[in-house]
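Numbering (the working numbering), first residue to last: 14 to 696.
C-beta atoms are modelled at their ideal positions from N, C-alpha and C, and glycine is treated no differently.
Spelled out as structure tokens, the structure:
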């Protein structure tokens, strides 16, 4: 690659992804003075609100950005993708590189002899890197294949959650926050009795009678069962990364849930002074001789390495605890354990995990996003800062110790903030002033944390490096209750339920699949199809008319901004058998943070335009681009700057307006020809 990199405007690229970061909100954060590193990149480069994919969603968005092809071509359509040939309520989990039909940028770099480094790059798992380096890369929060356990929030007494209020986005849109689980771990505080069961050697000095609490960690707790089973189940691992393997397991019921052994810890609550209970000592056993932490209110322990049993195998992972709440009378207790991440198994090659473990320290993939609303905001942001620090630590360490051509680092934090804080951070939400203030603070702290990470990663750049700050989609505040398409289809008679509440497939003519797709229950195509093929187009028209005329009962407004046939959805870059027979979009005031809104929407302090800030080698300086930039233009633009060929199936184009020399290859050719003529003349 030496000859290529010597001629091209840029020798290397650093790509920093921010899931859910709209250009609208990023520009606001820059203008409000919260993100100086982002501001510097914008000031020294070019920027524009970027048009993303539809639906405005993580799987199709990041895949389009990394391949330069639209969802209809790469086929990673959604979190939940129609399982062709199965009943319409069966879907395939979309976070899977095995589904992608286009070439990834990192594989292109490898194809021409270069080396990529991916650090938690979204939508890159299972790994496709062969000669490069990869650290994690699955999906948002709990959508990972590696955690030993999700968070634990042990509470007792007068404890209460910290919700913001308002409507929550469903898991189909926000799989980083599981909703059908118990979000806390209730515990009971007991006195330490004299006689049998007493802890004579380990009881700390206390001004009040010592009390004890059992803290039991459950391996694999608070993770997506379908995702964790792909690693920890007793089925063949080779089946877990294939689309057909997933479908076969669902049909045959072969998937065996993993077996786990709970691991207890014991806390001794005591009073170190005269002001009541104020500390807890954490021990591995009731003997109390093996203390792992001794915490005051607001204090974190150090990380320690522990073992957990999953499927009769011991797995090593890092544990940390924080005493969040302890009242002087011990009538309120709260202790938090963040995600337990393994020591190995989450990198390619495997030795990279060893490097991280020995030279950097414990990794953290999920900064407790799924605990937001239960946990206090300060604890979440302490973990978020640690998470971003680790991403920067890993990226800079790997970049300094290895040859590389493309360095890709991603954070999901802006999207976490979109689903929780942005929802009521704007006056348009109608929230109370104190709620708006809390949400604005949450946004500020999120973007400040991201910005600090960006500042550190960008230190890896030299004068020959191009730096891209980008996003897959945006996010908007909430105004009205989000429209539930399933209820709309029920109200309009397309979905019919039986007496038990289940879908009656003998009477149901159309159902929603994934986020924006409606499939007709077509005879001859669907296993339970009832709509005759000759009625197909008429049924499409009927669905579209029903959506266009639908009026929200609470507001009296029409929430659907678009409803089109599968054929017309090609204008949204959607085509093929995975696309609904009808595709629809909602107005932003009737949607959650993102997903069903068109990618061109701006609303309140946010919007759906993806972030595009390009700076460094070969890029113009201080320019607000005027012509359109699309998410599929990212990969070809970087390839052009780096002198690379285009990815297979690329559909985007080069953003020539961003370049110092849009015809650099011709400039180099002219210089070469001039040099050749001079050489011949000298002879």
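Alpha carbons only, please: which of the options is nearest the one belonging to residue i?
i           : options            : result
residue 631 : 646, 462, 655      : 655
residue 192 : 596, 514, 182      : 182
residue 457 : 611, 40, 538, 626  : 40
residue 86  : 670, 679, 660      : 660
residue 335 : 105, 310, 427      : 310
residue 593 : 525, 565, 126, 649 : 525
residue 762 : 443, 373, 382      : Residue 762 is absent from the structure shown; the chain starts at 14 and stops at 696.
residue 50  : 365, 637, 480      : 480
residue 620 : 487, 415, 658, 163 : 487
residue 718 : 550, 558, 560, 539 : Look at the range of the chain in this structure, 14 to 696, and you will see that residue 718 is not part of it.
residue 391 : 232, 285, 451      : 451
residue 199 : 520, 353, 349      : 349
residue 165 : 275, 500, 568, 634 : 275
residue 582 : 557, 562, 385, 129 : 557
residue 179 : 301, 101, 670, 448 : 448
residue 138 : 358, 202, 55       : 358
residue 159 : 82, 318, 377, 92   : 377
residue 326 : 683, 161, 501      : 161
residue 341 : 329, 286, 323      : 286
residue 469 : 398, 364, 438, 428 : 398
residue 652 : 122, 72, 53        : 122
Taking DSSP as the reference, what is the three-state secondary structure of residue i?
i           : result
residue 472 : coil
residue 596 : strand
residue 261 : For residue 261, the predicted structure reports a pLDDT of 33, less than 50, and the residue's modelled location is therefore unreliable. The matter cannot be settled from this model.
residue 42  : helix
residue 346 : strand
residue 50  : helix
residue 708 : Limits of the chain in this structure are 14 at one end and 696 at the other, which puts residue 708 out of reach.
residue 25  : strand
residue 421 : strand
residue 187 : coil
residue 484 : coil
residue 247 : In this prediction, residue 247 has a pLDDT of 41, which is less than 50 and means its spatial position is unreliable; what the coordinates show is noted afterwards. Looking at residue 247 - three-state DSSP - the assignment turns out to be coil, as it is neither helix nor strand.
residue 510 : strand
residue 328 : strand
residue 254 : Bear in mind that a pLDDT of 36 at residue 254, under 50, signals an unreliable position, so the number given afterwards is only what the model happens to contain. DSSP places residue 254 in coil when its eight states are reduced to three.
residue 144 : coil
residue 129 : strand
residue 377 : coil
residue 336 : strand
residue 323 : strand
residue 57  : coil
residue 572 : coil
residue 63  : strand
residue 197 : coil
residue 583 : helix
residue 120 : helix
residue 434 : coil
Using the rule of at least 16 other Cβ atoms within 10 Å of the residue's Cβ for burial, across every protein chain shown, is residue i buried or exposed?
i           : result
residue 351 : buried
residue 421 : buried
residue 133 : buried
residue 686 : exposed
residue 24  : buried
residue 118 : buried
residue 602 : buried
residue 393 : buried
residue 381 : buried
residue 609 : buried
residue 639 : exposed
residue 682 : exposed
Only counting the same chain, and skipping five residues up and downstream in sequence, which positions put a Cβ closer than 6 Å to that of residue i?
i           : result
residue 62  : 36, 622
residue 577 : 596
residue 668 : 642, 646, 650
residue 588 : 85
residue 585 : 67
residue 559 : 505
residue 542 : 534, 535, 536
Quick one: does the C-beta of residue i sit closer than 7 Å to a heavy atom of the ligand SAM?
i           : result
residue 432 : Among the components modelled here there is no ligand, and therefore nothing to report on the ligand SAM.
Suppose the cutoff is 7 Å on Cβ atoms and the five residues either side in sequence are ignored; what does the same chain contact list for residue i look like?
i           : result
residue 266 : Reliability fails at residue 266, whose pLDDT of 43 lies under 50, so the model's placement of it is uncertain and no value is given.
residue 297 : 278, 303, 305
residue 680 : 674
Ordered along the chain, which non-local residues of its own chain (more than five positions away) have a Cβ less than 8 Å from that of residue i?
i           : result
residue 315 : 306, 333
residue 472 : 409
> Could you give the uninterrupted runs of the beta strand (DSSP E) lying entirely in the segment 266-297, keeping only those of 3 residues or more?
Replying inline: 276-283, 292-296
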